[in-house]
Amino acid sequence: MDGGKTIQSFLKEDLIDKVIITQFPILLGGGTPLFGMLKQPLKFTLTDNKVVLNELLQTSYQRKRSTSP
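Laid out in structure tokens, this is it:
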């Protein structure tokens with residue numbers, strides 16, 4: 000999925016277990032915040048970090064979920 004509003008909707012329903020963020024070397028300014036406000040902090044673990052197409056940084060995270068009910 001892609002885009003701030005789409006990601007925010009999936010986060011609100013607690014449907015995201017993996018996040019891949021690709022950073023482009025361009026500052027656009029403005030726009031919709033990627034994650035928006037959350038009811039509580041969500042914890043993730045870094046799983047991968049690589050350079051794509053010689054200039055894009057792609058970072059992958061896996062959600063850390065508690066095992067207690």
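Residue numbers for the sequence shown follow numbering that gives the first Met the number 0, so the first one is 0 and each next one is one higher. The C-beta atom is built at its ideal place from N, Cα and C for all residues, glycine as well. Only a predicted model underlies this, so the values are computations on that prediction, with no experimental measurement involved.
Start and end of the alpha helix (DSSP H) containing residue i?
i           : result
serine 65   : Serine 65 -> no alpha helix (DSSP H), and no H or E assigned at all.
threonine 5 : 3–11
Spatial neighbours of residue i within its chain, please: C-beta separation below 6 Å, excluding the five flanking residues on both sides.
i           : result
arginine 62 : Asp16, Phe43
proline 24  : Glu54
So, under 8 Å CB-CB, residue i and residue j are touching, yes? Tell me the CB distance rounded to an integer number of Å.
i            : j          : result
glutamine 22 : leucine 45 : Going by Cβ atoms, the distance from glutamine 22 to leucine 45 rounds to 14 Å, so no, they are not a contact pair.
Just to confirm the assignment, what range does the beta strand (DSSP E) spanning residue i have?
i                : result
threonine 31     : No beta strand (DSSP E) contains threonine 31, which DSSP labels as neither H nor E.
phenylalanine 43 : 43–51
isoleucine 15    : Unbroken run through isoleucine 15: none, as it is neither H nor E.
Quick one: residues in its chain with C-beta nearer than 7 Å to the C-beta of residue i, no 5 flanking neighbours on either side, listed in chain order?
i            : result
aspartate 13 : none
threonine 31 : Gly3, Lys4
Query raised in the report: Touching or not, the segment 42–53 and the segment 1–13, by the rule of three or more beta carbon pairs under 8 Å?
Result: Pairwise C-beta distances place the segment 42–53 out of contact with the segment 1–13, as fewer than three of them are shorter than 8 Å.
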